[in-house]
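Asks: Supplied in structure tokens, the structure appears directly below.
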Amino acid sequence: IVSLVPSITETLFAFGLEGRIAGRTRYCIAPPEAKDVPVVGGTKDAKAEKILSLQPDLILAEKEETPRELVERLEKEVPLYVADVESFEEGIRLIRDLGEITGKRERAEQILSALEKEYAHFREEREGIWRKVFERGERGEEPLTVAYLIWRKPYMAAGSSTFIDAMLRQMGLKNVFAGRERYPAVSEEELQAAKPDLLFLSSEPYPFSPKHREEFQRMLPDSRVHFVDGAMFSWYGVRMLQAPSYLIRLLSEMVKPL
Numbered sequence: 013i014v015s016l017v018p019s020i021t022e023t024l025f026a027f028g029l030e031g032r033i034a035g036r037t038r039y040c041i042a043p044p045e046a047k048d049v050p051v052v053g054g055t056k057d058a059k060a061e062k063i064l065s066l067q068p069d070l071i072l073a074e075k076e077e078t079p080r081e082l083v084e085r086l087e088k089e090v091p092l093y094v095a096d097v098e099s100f101e102e103g104i105r106l107i108r109d110l111g112e113i114t115g116k117r118e119r120a121e122q123i124l125s126a127l128e129k130e131y132a133h134f135r136e137e138r139e140g141i142w143r144k145v146f147e148r149g150e151r152g153e154e155p156l157t158v159a160y161l162i163w164r165k166p167y168m169a170a171g172s173s174t175f176i177d178a179m180l181r182q183m184g185l186k187n188v189f190a191g192r193e194r195y196p197a198v199s200e201e202e203l204q205a206a207k208p209d210l211l212f213l214s215s216e217p218y219p220f221s222p223k224h225r226e227e228f229q230r231m232l233p234d235s236r237v238h239f240v241d242g243a244m245f246s247w248y249g250v251r252m253l254q255a256p257s258y259l260i261r262l263l264s265e266m267v268k269p270l
């Protein structure tokens with residue numbers, strides 16, 4: 013198997029398929045054992061010749077990240093699965109699909125069963141947190157609004173039809189750029205006009221860090237700025253198991269009274 017998707021590579025290891033993974037991208041860094049797998053390039057510049065030289069019987073790609081020309085070239089020679097995950101439900105379906113096509117249906121169902129329990133617990137905790145917020149009476153029953161930035165120069169935000177937006181909704185937050193699809197470029201003026209209660213700066217693909225805080229607090233003095241683990245919002249597959257506890261910690265931190 014050659015995987016061109018970091019979150020899928022991680023999921024293959026969770027399925028116990030490490031012995032079958034012949035190639036990965038340089039961004040496939042989880043779990044740590046993935047570093048022993050040969051690299052075929054990046055997510056957007058993987059080399060067809062390198063991939064085919066590994067003689068895979070299955071290639072796993074991603075609709076947004078893997079260039080269409082590469083997909084068209086590879087699928088002529090090797091069975092190829094293209095992941096297309098824009099919602100929480102599609103994240104569930106992906107795990108099931110991977111179990112089917114790799115012969116690990118039972119392991120996939122174990123992961124899905126664990127996910128169901130984790131998210132049931134997560135939803136209970138989330139409701140409890142929001143109940144306390146609404147009881148404080150600061151904003152009636154209005155959800156907090158959020159802008160989630162993935163890039164700088166130009167600023168780019170997560171809009172609708174993204175897994176990130178799906179995870180924000182899981183938290184009970186309202187994405188101020190949900191009226192725009194995928195990852196729109198947004199200007200400083202548009203950010204200011206959107207007036208988000210919260211600004212999430214992702215650790216990936218752009219590595220936002222605390223040194224950027226001043227830039228955004230000057231731009232959005234009334235917004236709370238949080239640096240967030242991008243993988244918890246954008247990696248589907250087995251990483252979805254780790255997300256609930258992270259999201260609850262983040263939510264608890266965010267809703268503290270100013």
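Quick note on numbering: this note's numbering labels position 191 of the sequence shown as 203, and the sequence is numbered without any gaps. We put the beta carbon where it would ideally sit given N, CA and C, even for glycine. Keep in mind the model is a prediction, meaning the values are calculated, not measured.
1. Cutting at 6 Å between CB atoms, please list the residues of its own chain near ARG274, excluding the five before and the five after it.
2. So, for TRP247: in the same chain, excluding its five sequence neighbours on each side, which residues have a beta-carbon less than 6 Å away from its beta-carbon?
3. Report the option in LEU211, MET244, ALA159 and VAL145 whose CA atom is closest to the CA atom of VAL267.
4. Just to check my reading of the structure: LEU203 and ARG236 have Cβ atoms closer than 8 Å, yes? What is that Cβ distance to the nearest angstrom?
5. Any chance the segment 95 to 113 sits against the segment 176 to 187, with 3 or more Cβ pairs inside 8 Å?
6. Does DSSP classify THR23 as helix, strand or coil?
7. Spatial neighbours of HIS238 within its chain, please: CB distance less than 8 Å, with the 5 preceding and 5 following residues excluded, ordered by chain position.
8. In whole angstroms, what is the alpha-carbon distance linking PRO196 and LEU92?
9. Of all the alpha helix (DSSP H) runs that stay within the bounds of the segment 108 to 163, which reach a length of 4 or more residues?
10. Would PRO79 and VAL14 be called neighbours here (beta carbons separated by less than 8 Å)?
11. Given GLU153, which residues of its chain have a CB within under 8 Å of its CB, disregarding the five upstream and five downstream residues?
12. Can you tell me whether ARG36 is buried or exposed, with buried defined as 16 or more other CB within 10 angstroms of its CB?
13. Just tell me which of VAL51, PRO233, SER199 and GLY111 has its CA closest to the CA of GLY249.
Replies: On the basis of the data shown:
1. In this structure the chain extends from 13 to 270, so residue 274 is not present and cannot be described.
2. Taking the first residue of the sequence shown as position 1, residue 247 is located at position 235. Result list for TRP247: SER19, in chain order.
3. Start at 1 with the first residue of the sequence shown, and residue 267 comes out as number 255. Considering only alpha carbons, the answer is VAL145.
4. For this step, residue 203 is matched to residue 191 along the sequence shown. For this step, residue 236 is matched to residue 224 along the sequence shown. That belief does not hold up - the Cβ atoms of LEU203 and ARG236 are roughly 14 Å apart, past 8 Å.
5. yes
6. Here residue 23 refers to the residue found at position 11 of the sequence shown. Reduced to three states, the DSSP call for THR23 is helix.
7. Your numbering for residue 238 matches position 226 in the sequence shown. For HIS238, where only same-chain residues beyond five positions count, the Cβ hits under 8 Å are LEU210, LEU211, PHE212, LEU213, LEU262, GLU265 and MET266.
8. Residue 196 sits at position 184 when you count from the first residue of the sequence shown. Residue 92 sits at position 80 when you count from the first residue of the sequence shown. Looking at the two C-alpha atoms, the distance is approximately 29 Å.
9. 117 to 147
10. The residue labelled residue 79 in the question sits at position 67 within the sequence shown. The residue labelled residue 14 in the question sits at position 2 within the sequence shown. No. Outside cutoff.
11. Against the sequence shown, residue 153 aligns to sequence position 141. Around GLU153: PHE146.
12. In the sequence shown, residue 36 corresponds to position 24, counting from 1. Burial call: buried.
13. As a first step, residue 249 must be located in the sequence shown, where it is residue number 237. It is GLY111.
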